[in-house]
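In this note's numbering, the protein residues as written are 247 to 661. Just so you know, even glycine gets a beta-carbon here, dropped at the ideal spot from N, CA and C.
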């Protein structure tokens, strides 16, 4: 799974270089805002069905129905979310300084595809088929990168075609999941569908807040500073999030273990995973800052020279927040929705307030500082809640020498 993610990362890097070299920061900001609108429709409109799947998975009798429902629910809910997004941007486009409506509509065609991939990949993880989830992502990256490179080398890459290729990159993972049996193709179970949606809606405020926490700064920056600033900042976000590669891989690969035992054993497993996460967070944060500080300008060009400094401000918060995912999964399993919803809502409010204060003063750098402070605050609250619920001391979440040695041993075994 890590290998597939690493290849996807390399392909994504190549694609981002092609786009940056073919499009000026203003044009890059325009396409990125269109994709962000579609991504927001997915994040705000998927109703947290994948979290409901996770929460309901310990109930063995409903597992087959959860698998059968994932594809039809994904396409149905995604179509509704995409349609609402097009209507909303049609009404708000002028006030929010958003791109052309036709470009936004094209991007929103990918919403049902993306929601279907989200539900199907989560089922694959819950059934212990992490490799299938990774393969779906990999094939999407291969198609996206190949198309962008071909268009870039022939001088045909435009903002609109970048968006079209992005939509295509969502169709490929969905097709991969279908052909590989990631979805159970049988009539859906309406009763389980209602149960899943009802459970998801209880959790959705927290999910929506978590997404808004990660992306609201782009909308605010676009409104205050325009497409050029978004082009610079969005590249910094993309590169900083590459530091999550090993963190996200470990989190997804160990999800099934957190749900295989009793609550007490799950807490011990979560603590052990979190110790490994801390090691990866430190290593990933330092690596991404050092590498990008050296390579951004030579690779992406002098127009993006400011990106490296923004990454240094943003990356610590990004990797720390990613490292808290096992704690969130445990809280989702063991406690009411408010344990995940309320902290995310509070962090979102903090992030918006900080952005409103800092963007007018520091621009894109202000976005990075606001985000890091908000992410770190949310992570601290999640750690405190886990300690309170599980009864495990926070000291047991800190890595020991044995944990570092174990990670080194596994990496040598892979090599």
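Candidates the options: closest to residue i by CA position
{"i": "residue 487", "options": "558, 404, 308 and 414", "result": "558"}
{"i": "residue 423", "options": "448, 300, 614 and 371", "result": "371"}
{"i": "residue 300", "options": "578, 616, 603 and 334", "result": "578"}
{"i": "residue 447", "options": "587, 348 and 263", "result": "587"}
{"i": "residue 453", "options": "527, 411 and 287", "result": "287"}
{"i": "residue 641", "options": "550, 623, 601 and 517", "result": "517"}
{"i": "residue 645", "options": "570, 445, 637 and 521", "result": "521"}
{"i": "residue 302", "options": "630, 368 and 330", "result": "368"}
{"i": "residue 345", "options": "399, 599, 284 and 306", "result": "284"}
{"i": "residue 374", "options": "573, 536 and 499", "result": "499"}
{"i": "residue 590", "options": "612, 613, 631 and 316", "result": "631"}
{"i": "residue 534", "options": "513, 606 and 490", "result": "490"}
{"i": "residue 413", "options": "381, 451 and 363", "result": "363"}
{"i": "residue 329", "options": "351, 617 and 635", "result": "351"}
{"i": "residue 451", "options": "265, 270, 289 and 253", "result": "289"}
{"i": "residue 566", "options": "376, 532, 548 and 553", "result": "532"}
Range of the contiguous alpha helix (DSSP H) that encloses residue i
{"i": "residue 308", "result": "Counting along the chain, residue 308 falls outside any alpha helix (DSSP H), and DSSP gives it neither H nor E."}
{"i": "residue 232", "result": "Outside the shown range of the chain, which is 247 to 661, sits residue 232, and nothing can be said about it."}
{"i": "residue 559", "result": "553-569"}
{"i": "residue 278", "result": "271-291"}
{"i": "residue 435", "result": "Residue 435 -> no alpha helix (DSSP H), and no H or E assigned at all."}
{"i": "residue 497", "result": "491-499"}
{"i": "residue 419", "result": "405-425"}
{"i": "residue 369", "result": "357-372"}
{"i": "residue 384", "result": "376-399"}
{"i": "residue 480", "result": "473-487"}
Nearest-angstrom Cβ-Cβ length linking residue i and residue j, presumed shorter than 8 Å
{"i": "residue 493", "j": "residue 530", "result": "6 Å"}
{"i": "residue 349", "j": "residue 280", "result": "5 Å"}
{"i": "residue 526", "j": "residue 569", "result": "7 Å"}
{"i": "residue 298", "j": "residue 442", "result": "5 Å"}
{"i": "residue 458", "j": "residue 602", "result": "That belief does not hold up - the Cβ atoms of residue 458 and residue 602 are roughly 14 Å apart, past 8 Å."}
{"i": "residue 546", "j": "residue 263", "result": "6 Å"}
{"i": "residue 378", "j": "residue 428", "result": "5 Å"}
{"i": "residue 610", "j": "residue 556", "result": "6 Å"}
{"i": "residue 326", "j": "residue 366", "result": "In fact, because the Cβ distance is near 18 Å, the residues do not count as touching under 8 Å."}
{"i": "residue 643", "j": "residue 629", "result": "7 Å"}
{"i": "residue 250", "j": "residue 355", "result": "About 26 Å separates the two Cβ atoms, so there is no contact after all."}
Taking one C-beta from the stretch 349-359 and one from the stretch 412-419 each time, how about it: are there three or more such pairs within less than 8 Å?
Put simply, the stretch 349-359 touches the stretch 412-419. At least three CB pairs are less than 8 Å apart.
Decide if the stretch 536-545 is in contact with the stretch 458-472; the criterion is three or more beta carbon pairs, one per stretch, under 8 Å apart.
no
Stretch pair the stretch 401-412 + the stretch 272-285: three plus CB contacts closer than 8 Å
Verdict: yes, contact present.
contact_flag[the stretch 254-264, the stretch 387-395] where n(CB pairs < 8 Å) is 3 or more
yes
Within the chosen definition, does the stretch 329-336 reach the stretch 464-476 through at least 3 CB pairs nearer than 8 Å?
no
Counting pairs of Cβ atoms below 8 Å between the stretch 620-633 and the stretch 559-576, do you hit three or more?
Judged by Cβ distances under 8 Å, the stretch 620-633 makes contact with the stretch 559-576, as three or more pairs qualify.
How do the stretch 428-440 and the stretch 304-321 stand: do at least 3 beta-carbon pairs fall below 8 Å, yes or no?
yes
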